[in-house]
Structure formats: C-alpha cells, structure tokens
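These notes are about the structure you will find just below.
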Amino acid sequence: MTDDGELVDQLQQLVLRRLAELGEPGRPMSARRAADRSRGLLSFHTLYAIARGEHSGRISDRVAEGLATALDVPVGEVYEAAGAPRPQTRWQLPPTFDRVPPEHRRVFEEAIALYLVAEQRGYERGRRDRS
7 MTDDGELVDQ LQQLVLRRLA ELGEPGRPMS ARRAADRSRG LLSFHTLYAI
57 ARGEHSGRIS DRVAEGLATA LDVPVGEVYE AAGAPRPQTR WQLPPTFDRV
107 PPEHRRVFEE AIALYLVAEQ RGYERGRRDR S
C-alpha cells in the first residue's frame, strides 16, 4: 500500500518523465508549454505544483483530462498515478424510469449525491489509512 506522499510522488514522476520525453534531449518541455497543450483544462500553476511535488495529489476529472492531453498519455495512466478512482461511463436508467415525475427524480438525484459524498469520504479516509 502507498501513502499520500507516495501517490503525489507517482503523479510527480509521471509529469516529470513525460515533460522530459516531450522536450529536447537535456531540455524538458516547460510546464507552461505543457499547460498550453491542455487546451484550457489545466492551469500552469497546477501543473507546476505537481511537477515540484507541492500538490496534494487529489485531482478533479478536468485536471486528469488536462494532464492526459498535456502529457499525451491515456487518462487512465493519470488516474493510476494519482491513486484516484476513474469515473465510469454515463449512467442510463432503463426506459421504465422515464415515467418518474421530475419532482421525484430530484429525490433520487439527491440520494445519489449523498451516496457519492459518502463514497468520496471513504476514499479519502482510505488514502489516509494506507500508511
């Protein structure tokens, strides 16, 4: 098992390795140029903090997509390096649920949102407990 520091190190190592590979021999690609490659999904400051090991390692889906684009790696590799769960495909309910009225749909959405909050807390707690 790894602790948060090791996960940050893995993400940092991915960034540094890819910057070196995307640059010239002996001259890695700059964090600013890599951030520009992300097409607005990733800020220079976030990429720079990850490269310096000054980032928490917790990343949003947008940052994961930005890193994947900037570094030209599969997004799954970014999630793996960050030790973060990868989002699933869009959830489609069966057609029988089309009859649920909008006010009742909101109740379901709120229940699912509460579940996701609990899931995230458990994920974060699990990361802390891995030491």
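Counting in our numbering, the sequence shown runs from 7 upward without gaps.
Even glycine gets a Cβ: it sits at the ideal position worked out from N, Cα and C.
T52 versus T102 - alpha carbon distance: 44 Å
For R38, the three-state DSSP class (helix, strand or coil): helix
Alpha helix (DSSP H) segment containing D67, residue limits: 67-77
R134 versus R127: straight-line alpha-carbon distance, rounded: Residue confidence for R134 is low, a pLDDT of 49 falling below 50, so the modelled location carries little weight; the figure read from the coordinates is stated next. Computed Cα separation, rounded: 11 Å.
Reduced DSSP secondary structure (H/G/I, E/B, other) of E115: helix
Beta carbon of L17 nearer than 8 Å to that of I56: yes
E27 (DSSP reduced to helix, strand or coil): helix
Residue environment, R136, which counts as buried when at least 16 other CB atoms sit within 10 Å: Any answer about R136 is weak, because its pLDDT of 48 lies below 50 and its placement is not dependable; what the coordinates show is given next. So R136 counts as exposed.
Distance cut-off 7 Å: E115 Cβ against heavy atoms of the ligand SAM: This structure lacks the ligand SAM; in fact it carries no ligand of any kind.
Cα-Cα separation, Q98 to G32: 49 Å
Simplified DSSP assignment, three categories, for R33: strand
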